[in-house]
Structure formats: structure tokens, C-alpha cells
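All remarks here apply to the structure that follows.
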Amino acid sequence: MTSPEAGLTELAVRAAAGDRAAVDELLARVRPIVVRYCRARLGRTGGGAYTTADDVAQEVCIAVLGALPRYRESGSPFTAFVFGIAAHKVADAHRGASREKSEPVAALPERADVHAGPEARAVQLDAVGRMRRLLDRLSPQHREVIVLRVGVGLTAEETGRALGMTAGAVRVTQHRALNRLRALAAELYDEVPV
Amino acid sequence: MRGDDTRADRERVTLDAVERDDRALDALAGLGDPADARTDDPTLRLLAAWHADLSADGPVPAYDVEEPATVRAAAPDIARTRRRTAGSVEPDRTRPGKRRGRRRGSRLALATGVAVLATTGFAGVAMAAGGATPGSPLFSLTKVIYPDRASVREHQAAAAHDLASARKAAAEGRDDDARRYLDDADRHSREMPSSDADAVRRDADDVRRSLGPSPSTDAAGGNNNIAPPSSGQPSPSTEPGSPSPSGGASEQPPPSPSPSGESATTNGDDGNGSQDGNGGQGKGHKKHESLSLGALTALLPVR
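The listed protein sequences correspond, in order, to chains S and A.
Per my numbering, the first sequence starts with residue 2, numbered consecutively.
Per my numbering, the second sequence starts with residue 25, numbered consecutively.
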């Protein structure tokens, strides 16, 4: 299985050097990763959509492209560069989260609903909501590891590169984070830890 | 982290447990053997639900799409970009195949954004100037579908770009350019919700503090031909008639011919002020076309 991060750094170096095809591909590759990261960090809005997270993801992509010419000199893995920018944008969004409770919905295109039925959906959203509340109680580093490892879907090695840790440290950290989540789940929801 | 580790150190961390969790997370994220998924663990089940939910309504990369014939006819560049992208991007493994049909809108928008970026280049997004195509079907699309949010998003994106450009200019010693970008960012911030605007101004002030003292006598830093504006007072060419987002588009005078790309960039920002008007189809729209389409990319996936 190819990871979302494979070859990104090399691609980014070419893009930073002005290769337009590389810029195209880089954007197409980075965007889904950034969207998942922002959704994992920001969750759904009150209206139940990922509007805010997706908007922030878009801002991150634009900022990444804007900062790309500087990337070459930094020498760090490209994911570290991207998630560094994304973390700042997410922090900005958290600061602004207390305002804007509205959901602008002018002229949305109609689409067929291919989701599960209401009941299954409610069960799933309940699980998602529980997970989010649990994640909020983790320490920042545990949360970041879980967000990158599970939310974004990076391997332990890639998560390590993005966070400046060894893969082994990621594995131990994620194990501790999972144990903490298990304890919290047992405490909050009477879910019996294994 | 330290605190958690100290607490965790009291737990028994065995190599076996660490590896089992690692395999379970790989399976959960679709990276490993599904047999390692351990569905008996309620916490991992919650994580799996969360993981699946993150790709629920997702915007995805542009490939294997058939856009409507009208769009294809109107914007051949999109199709070309899409085909090129299609060859170079591998499918998103997190996305169930049955959802592909729903993604047309977002992929079209992404392809559009890619097309414009490919045309202007990422530096061009910040520096794009005259030679815009006012009648472009792409720009109209944004304004038609999301006039209000397109405008606000555009200002936010433009301000972010201006800030990034200002930082770059400051880092390279081009203080006057940096100040010009910062002034542009301030101008965009006036069209945003207040907390966003505050963040922009705060960032802009941060960059300002890193600049040299005088805005007008920077002989060292790669100066260009036009007179640099002071930081608090935009140059005349950047604010013709204080355009507002809701009207006044027709009042906008044609941009004056400029000797350098820098001044053309500020003219491009002016075009932004008349986003929602009918008339603002003058020069300098290329930059905002790309930005507004970027905004569209974010907007279309919303249910």
C-alpha cells in the first residue's frame, strides 16, 4: 500500500525549483492530506458539516504554495513543513471559533445522498463524537501523533519524520496515547478496555 | 507530553503491546493487514469510526472525471490539466469507489485551481498582474455560485498571500516591497470578519517590526522604479475611489500603465474591491480568479 507521503519531499523540491507539473501534482497530493488533518483537528461544525475544517485546509494549501519557494532551504521533510503550517492555521481557527456560529448555505448544489440511513448514521456520529471528546483530553503531543497516524493515515515512520521523532518513539507514544484513550473511554463511557 | 509519559511509565509498556497497537493502527488506517484490526477493542472501534468519518464528504484529487460538456467546451484548459493530473496522481485509497460520482464538483474546482496555478505558477499567484482574461468562464462560476463567501474567502486568501509575500520580501531585504504587501493585507483585512482581520493585522505588525526604520529611503534593498508608499498610507494607485465589495465597480478607473510588475500587482488588488459588482472585469483579475477558485474548491464539497 502506498502511503500518502511517499515521494512528497522530492516532489516538493522540484516544485520549489519552479517545475510547474510538480506544483500541480504536489497540490493534488497534499490537499487530501491537509483536509484530513484539518478535519481531524477541527471536527465538524455545529451544523454537522466539515465546512470550517475544509476552509482552513484550503487556506493551508494556499499558504503552503505561497511558502514553497522557501522550502528548499529548510531541508526538513515536506510533511513537517506542511503540518507546521497547518498547525498554525488550525490554532488560528480555534482562536476564531467562538464567533461565527452561522452556516452559510446559499445555493448549494443538490446531490444524491449515498450515506447510510439515519439510524446507522446516528450511531456512527455518536462514535465519532465520543472519539473527538476523548481526543480533546489527550496531551497535545499524544493528540498530534494520533491525528497524524490515524486521522491522516501516515505510517509510524512518516509520523516520526513529520514530528521530528524516531519511528520507535512514535510507536511508544501512540501506544501510551491509546492506553490513555482506553482509560478515558472506560471512565467516560463505561467502555470496557481490553 | 512529559506528564503523560511519566504517568504512562507507570504502566507496563511491553514491546509486544506496542507492536500490537502499531499493527492495529496500520490496519485501521488501511496501511497494514486488515486481520490486525482488533475489532474487539472499543477504543479502536471508536478510532475506526472517526477515521472513516474524516473522509465522509471529502474533497479529493482531480482524476477520472467527466465534466459536463458545457464546461469542457467553455474551458478546454481544465480538461487538459485534468488529463495531465490524472496520469500523475494515484487514487486516494481512503475513498470508497462508489462515492466517485459525487465528487465531480469538487474535482472540477480543484482542477480549475490547478489550471490557474499552472498558468500563473505559485509565485504568479502573488505577483500576477495585467493580461487577465476578464470574460473567463472560471471567474464567473465562482461569482455565480457563491458571491458572498467567494468575496470574503478571496480577501482571506489574498491577505494570506500578501503576508507570505511580505515575509519573503522582508527576508530578502526588500523592505519597500514588504510594506506594500502589508498594506495590501491590511486592505483585505477590512473586508473580513473581525477576528480574522485581527489575526491578519497582528501578523502584519509582526512583519513590520522586523523591517528597517524608513519606508522611503531603502537604497540597499533591490528597489524598483515606483515610489514606495508609507506603511500607513497606501499609494494613490492602490486605492482608486475606495472600491467596496458591494458596489462602485463601475467607478473604478482603468489601471494606469506601470513600469514594473510590482505596481501592476497592487492594481490587481484593486480589482478585488469590485468582486461583486458587474463591471469589475478590468485588468488585474487573474490573481483573484485563481484565489476565488481556490475558495470554490473548499466550498463545493460542503453538503
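No residue lacks a Cβ here, since even glycine has one placed at the ideal position from N, Cα and C.
Residue of the options minimising C-alpha distance to residue i
i        : options                               : result
S:Ala88  : S:Arg73, S:Arg138, S:Arg37, S:Glu26   : S:Arg37
A:Asp227 : S:Glu145, S:Thr156, S:Asp93           : S:Asp93
A:Gln180 : A:Arg198, A:His212, A:Pro237, A:Leu70 : A:His212
S:Leu12  : S:Tyr72, S:Arg144, S:Gly44            : S:Tyr72
A:Asp210 : A:Ser219, A:Ser218, A:Arg225          : A:Arg225
A:Ala41  : S:Leu189, S:Leu185, S:Asn180          : S:Asn180
S:Gly154 : A:Ala194, A:Asp222, A:Ala195, A:Ala72 : A:Ala72
S:Val129 : S:Arg96, S:His95, S:Gly44, S:Arg150   : S:Gly44
S:Tyr190 : S:Phe84, S:Glu158, S:Arg134           : S:Arg134
A:Pro237 : A:Gly197, A:Asp222, A:Arg214          : A:Gly197
Spatial neighbours of residue i in its chain, beta-carbon cut-off 7 Å, leaving aside the 5 residues before and after
i        : result
S:Gly152 : Arg37, Tyr38, Ala41
S:Val148 : Tyr38, Ala41, Arg42
S:Val14  : Arg73
S:Thr10  : Pro78, Phe79
S:Gly165 : Ala81
A:Arg62  : Ala48, Leu68
S:His25  : Residue 25 of chain S is actually Asp in this sequence, not His. Around S:Asp25: no qualifying Cβ.
Residue environment, residue i, which counts as buried when at least 16 other CB atoms sit within 10 Å
i        : result
S:Pro141 : exposed
S:Asp127 : exposed
S:Arg30  : buried
S:Gly161 : buried
S:Glu120 : exposed
S:Gly169 : exposed
A:Ser218 : exposed
S:Leu139 : buried
S:Gly1   : The displayed coordinates of chain S run from 2 to 195. Any statement about residue 1 of chain S would go beyond what the structure contains.
A:Gly256 : For A:Gly256, the predicted structure reports a pLDDT of 43, less than 50, and the residue's modelled location is therefore unreliable. A value from the coordinates is still provided. By the 10 Å Cβ count, A:Gly256 comes out exposed.
S:Thr53  : buried
A:Asp43  : At residue 43 of chain A the sequence reads Glu, which differs from the Asp that was named. Per the 10 Å Cβ criterion, exposed.
A:Ala188 : buried
S:Asp55  : buried
S:His176 : buried
A:Arg203 : buried
A:Arg233 : exposed
A:Asp229 : exposed
A:Asp64  : exposed
S:Arg172 : buried
Contact set for residue i: own chain, Cβ-Cβ below 8 Å, skip 5 residues either direction
i        : result
S:Cys62  : Leu28, Val31, Arg32, Val35
S:Ala64  : Ile86, Lys90
S:Gly67  : none
A:Arg47  : Gly56, Asp57, Asp60
A:His75  : Leu52, Ala53
A:Met216 : Val176, His179, Gln180, Ala183, Val224
S:Gly8   : none
Test item: CB-CB of residue i and residue j under 8 Å
i        : j        : result
A:Thr67  : S:Leu182 : yes
A:Ala190 : A:Val231 : yes
A:Leu55  : S:Thr156 : yes
S:Thr174 : S:His143 : yes
A:Asp186 : A:Asp220 : no
A:Asp57  : A:Ala51  : yes
S:Arg131 : A:Leu70  : yes
S:Leu69  : S:Ala22  : no
A:Tyr205 : A:Ala193 : yes
S:Thr80  : S:Glu159 : yes
Cβ distance (whole Å) where residue i is taken to contact residue j below 8 Å
i        : j        : result
S:Pro78  : S:Ala163 : 6 Å
A:Asp201 : A:Leu235 : About 10 Å; that fails the 8 Å criterion.
S:Val146 : S:Ala184 : Actually they do not touch by this definition, with Cβ atoms about 17 Å apart.
Residues of its chain near residue i, where Cβ-Cβ distance is below 6 Å and the 5 sequence neighbours each way are ignored
i        : result
S:Ala58  : Val35, Val36, Cys39
S:Arg150 : Thr160, Gln175
S:Asp20  : none
S:Tyr51  : Arg40, Arg45
Residue i: CB within 7 Å of a non-hydrogen atom of the ligand ADP
i        : result
A:Ala223 : You won't find the ligand ADP in this model; it holds no ligand whatsoever.
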